[in-house]
Each structure stands twice: as C-alpha cells, then as structure tokens.
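S.K.: Under our numbering, the first residue of the sequence shown carries the number 249, and numbering increases by one thereafter.
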Amino acid sequence: MKKILLSLFVVALSTNINAQVKTPAPSPSSKLEQKVGLSDVSVEYSRPGMRGRTIFGDLVPYGKLWRTGANANTKVTFSDNVTIDGKELKKGTYALYTKPGKTSWEVIFYADSNNWGTPQKWDDKKAALTTTAKVVPMPMKIESFTITIDDLTNNSAVLGMLWENVYVGVKFNTPTDKGVEASIAKVMQGPSAGDYFSSAVYYLQEGKDINKARTWINKAIDMTKDQPRFWYLRQQSLILAKAGDKKGAIKAAKASLAGAEKRGNADYIKMNKDFLAKMK
C-alpha cells in the first residue's frame, strides 16, 4: 500500500511540475487574408498595445529599424508578382520592416522572413523592395497595432498600418488584367454563356473595349433566351447604354425589370426602374 501511495504522489508531483498557467499574450498574434483581384495576399503579425505609452518617437524611435509589430517577423505573402511605386516585387513571403518618421515612413520588404525581430546582420541584397509612405495623422487613437488591406479594386489595394494616432498606407498593384485576359483568351475557344457574361461585365467595369463587351453580352443573352436571366439583361442594358445604343438599353432594362418582378427581386427592380428613369 505504501508503494502505491508513493507512486501516486510522484505522478501528481510530476503533473504539477509540467502544468503551465495560461494567460493572454501581451501582443496577440493575428492573420489577415485578402483576395485582391485574382491574387491572394496574407499578413501574419503580432499586435502590441499602447497601454498608456507614447509610441512613435519614444517606444518606437524615429529613424530606427522596426519589426513593424512584436515578437516574430511580420510576414506579408503575395501569391503573384505585385507592383509598388512602379517597382516589381516578386511573389513570395517577406518580412515587413519600417523606419518610422514624423512625416513619412520607409517601408522595406525583406526577403528573409525567419528572423525574430530585426536581423542581427542586415543584408541590403535581401531588401527586395523599399518605398516611402506618408504619415496621415488620425483624430483618434488606436490602442492595438493594426494592419489592414483596404481600398480594394480589381487591380490594387492598400496595405495600411495603424497605431497610436498614425496611419501609413502602401498601395500595391496586382496583375489582374493580365490574368483575366489570359483566362478570357483560353475560355473563348469554347465559352459558355457564363463565360461570355463574366468577360463582358469585366470589360464594362474596367472601361475596356465596349464593342467587345457588347458582342459577348449579346451572345450570353442569346444562349439563355429560352430561360432569360434578369441579371444578364441588367448588365446588357448598361453595356448597350455605354455603347450608345439607348433604344437597345431601354429594351434590355425593361426585360430585366419584368424578370426581376416575376422573381420578386427588390434590388434589381429598383436598379432597373432607376435606370429607365434616367434613360427617359
């Protein structure tokens, strides 16, 4: 019995030694994922808080290299080559370093993303791209360091950094148009109604050849004439209007309106009524 009790005591003692108290991390980790056009962009970083401290010019000195976050490197990953300030940045994962200043920041995409904090020995050859971004003062304070991907378009977005009362944004462009054109060229060898529709809408949105857009949307409409799609007809009305065919645009809008009313789609009913009122 004594041996059994002694064994249980040893097991309990071992368990207590190995147990760890769980507490919140001072700088919680975060991961941001965003689709920009056809490209995937992600950011992995830790988020320190102000906690009553003065940040820029004090905790984060001006003109000194900063890890742009806390703990391990802040990592930015692009699935495609992107362009920043007219310079190409190859697809891949980069450590994001900055040198904050009062009126602008130097922003560096560094090829070695496996450092903890800043590299012990800086290698200029690994600085894949360096740019400068203006500091925009904010009317309120941001307690936790925050990175955003905003101002999304089909071809670009802005990588934003916010902390204390400062915002800094770096715009990057993605090769969306090249990818779409390649996709269109491939699919057009045997396109479906949906392919014609998507291609036409893209050309309309991006201000490209409106005559091509008209040809494609007309084919999409013709291929679905046995089961008309009011959302197809809505885009046809917009494309025809832009192409200068007012009569055709009104006809398409009326057909879209009839289809939307039949299906009880309030959004398309309103959009078509507003469009027809504008055409008159």
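C-beta atoms are modelled at their ideal positions from N, C-alpha and C, and glycine is treated no differently.
Where do the ends of the alpha helix (DSSP H) carrying Glu429 lie?
M.R.: Thr424 to Val435
S.K.: Compute the distance between the beta-carbons of Ser294 and Ser275, then report whether it is under 7 Å.
M.R.: yes
S.K.: Distance cutoff 7 Å, beta carbons only. Does Arg295 sit that close to anything in chain C?
M.R.: You won't find chain C in this structure, because it holds only one protein chain.
S.K.: In or out: Thr271 buried (at least 16 other Cβ within 10 Å) or exposed?
M.R.: exposed
S.K.: What distance in whole Å lies between the Cβ atoms of Phe420 and Ile332, which are believed to be in contact at a cut-off of 8 Å?
M.R.: That pair is a contact at about 5 Å.
S.K.: Please give me, in chain order, every unbroken run of the alpha helix (DSSP H) with length at least 4 that falls completely inside the region 392-472.
M.R.: For the alpha helix (DSSP H) assignment, the uninterrupted runs of no fewer than 4 residues enclosed by the region 392-472 are, from N- to C-terminal side, 424-435, 441-453 and 458-471.
S.K.: Roughly how many angstroms separate the alpha carbons of Phe523 and Ala405, rounded to a whole number?
M.R.: 30 Å
S.K.: Relative to the C-alpha of Pro476, which residue among Gln368, Ala503, Glu281 and Lys499 is closest?
M.R.: Ala503
S.K.: Rounded to the nearest angstrom, what separates Val416 and Tyr480 at their Cα positions?
M.R.: Between Val416 and Tyr480, the C-alpha separation is close to 41 Å.
S.K.: Mark Pro387 as exposed unless 16 or more other C-beta atoms lie within 10 angstroms of its C-beta, in which case mark it buried.
M.R.: exposed
S.K.: So, helix, strand or coil for Ile356, using DSSP?
M.R.: The three-state secondary structure of Ile356, taken from DSSP, is strand.
S.K.: In three-state terms, what does DSSP make of Tyr310?
M.R.: The answer is coil: DSSP assigns Tyr310 none of H, G, I, E or B.
S.K.: DSSP three-state call for Ser485: helix, strand or coil?
M.R.: helix
S.K.: Mark Met409 as exposed unless 16 or more other C-beta atoms lie within 10 angstroms of its C-beta, in which case mark it buried.
M.R.: By the neighbour-count rule (16 or more Cβ atoms within 10 Å), Met409 is buried.
S.K.: Is it buried or exposed for Val384, if we count other Cβ within 10 angstroms and need 16 for buried?
M.R.: exposed
S.K.: For Asp493 and Met527, what's the separation of their Cα atoms in angstroms?
M.R.: 11 Å
S.K.: May I ask you to verify whether the region 388-397 touches the region 345-362, counting CB pairs closer than 8 Å and requiring at least 3?
M.R.: Three or more Cβ pairs closer than 8 Å define a contact, and the region 388-397 falls short of that threshold against the region 345-362.
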